[in-house]
Structure formats: C-alpha cells, structure tokens
Amino acid sequence: LIVLQPNMSTAIIIALCALAMFFIAGADLVQLLLLGISGGVVAAIVVMKTPYQMERFLVFIQNPLTLSDREGYQIVQTLIALSSGGLLGRGIGAGYGKFGFVPTPQTDSIFALLGEEMGLVGTWLVLGLFLFLVYRGFRIAAKANDPFGQVLAAGLTFWLIFQAFVNIGVITATIPFTGVPLP
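Numbering-wise (the numbering used here), the sequence shown opens with residue 1435 and increments by one.
Written out as structure tokens, the structure is:
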C-alpha cells in the first residue's frame, strides 16, 4: 500500500527494518538473502515502471551539476547549502538556503541547512547524537526481559537510524533523491 501511494523510500525503510527485525528474531541467513534479492528486484521493477522515480535515478547517476537548472536543482542547492557552512558554519539562523534556495528546508533538506548554519562540526555533532541513540536503543534491546521487547526496541532503533541514513545520504548526494525527512 505504501508503494501505491507512491512512496518508495518509506517502503524501502520499512522493508529494511522488517529484515533487520527478522534477523534479530533469529531468521536464517538464506531466508534473509532470498528476501533481500527478491525485494531488490521488485524495487528495481517499480523504479523502472514509475517515470518520476526513474528520472530521479537517472539524475543521480548523471552529474547533477550539469542539470542544475532543471532536474538537479534540489540536489545542487542542498550541496551548496551543506558546503557553504565550512568548518563552524555561518551561525544559527544566519543561513541563506532557507530563503527559497533549498526546497523543503523544514523537512527533507534540514540536514543541509544544519550544515550551512552549524558547519562540519555541527553535522558531526548530530551524527554523534544519532550514534548515541543507536547505542542506547540497542542497549535497551539487549536488556529487555522478553524476545518481543528485544525485537521491538531493535526495530525502533533501526527505523530511526535507517531514516536518518536515507536523509543524510540524499543531502550528501550519496543516494538518489527521496522525500524522507530527518527524524
């Protein structure tokens, strides 16, 4: 149902969380491999059959700087905002990207604006906080009294970190553009 909305990125995050929870619950590696391969094939077919998703993928494999006035505009603007912060940033509230240059600055592109205003140090701080969140989430999962609590705590932790990974990957042009906000 999520793919039919269409929201492929959220469907992929949910599938990755389900696979991780399946592994935590004691799945066989052969089962995980078969599920991963079949899910990857289905995702590839959906992307090839959906025009806007295929366009996003084609922009990703090309140089977005050559497409900066059209399809690559969002990627280029987020990279400009992220890199213009330098080491320490322009200062909180002093960034320019949020004034119409970076699309959806309050959700999808918030990490780029964070980099612009707080710099590389600020982005590392946020990444460190996410790593601490992962540590605490897995520690809670390890100390849970029952298997359900372990899988639940691990699943919630995986969900937060996968969503953060997808958003940060999009902002740094590591993966194709999606509409996933930073949690």
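Note that CB positions come from ideal geometry on N, CA and C, so glycine has one too.
Judged by DSSP secondary structure, I1509 falls within the alpha helix (DSSP H) whose first and last residues are 1507 to 1517. When DSSP states are grouped into helix, strand and coil, T1500 belongs to the helix group. Judged by pairs of C-beta atoms under 8 Å, the region 1454 to 1474 touches the region 1581 to 1594, as three or more such pairs exist. Under the three-state reduction of DSSP, S1472 is assigned to helix.
Under the three-state reduction of DSSP, R1524 is assigned to coil, being neither helix nor strand.
Contact holds between the region 1535 to 1553 and the region 1514 to 1525, because three or more Cβ pairs, one in each stretch, are under 8 Å apart. Under a 10 Å Cβ-count criterion, F1566 is classified as exposed, with fewer than 16 other Cβ atoms of the shown protein chains found around its own Cβ. When secondary structure is reduced to three states using DSSP, V1614 falls in the coil class, being assigned neither helix nor strand.
Under the criterion of beta carbons closer than 8 Å, T1591 and G1571 qualify as touching, at roughly 3 Å.
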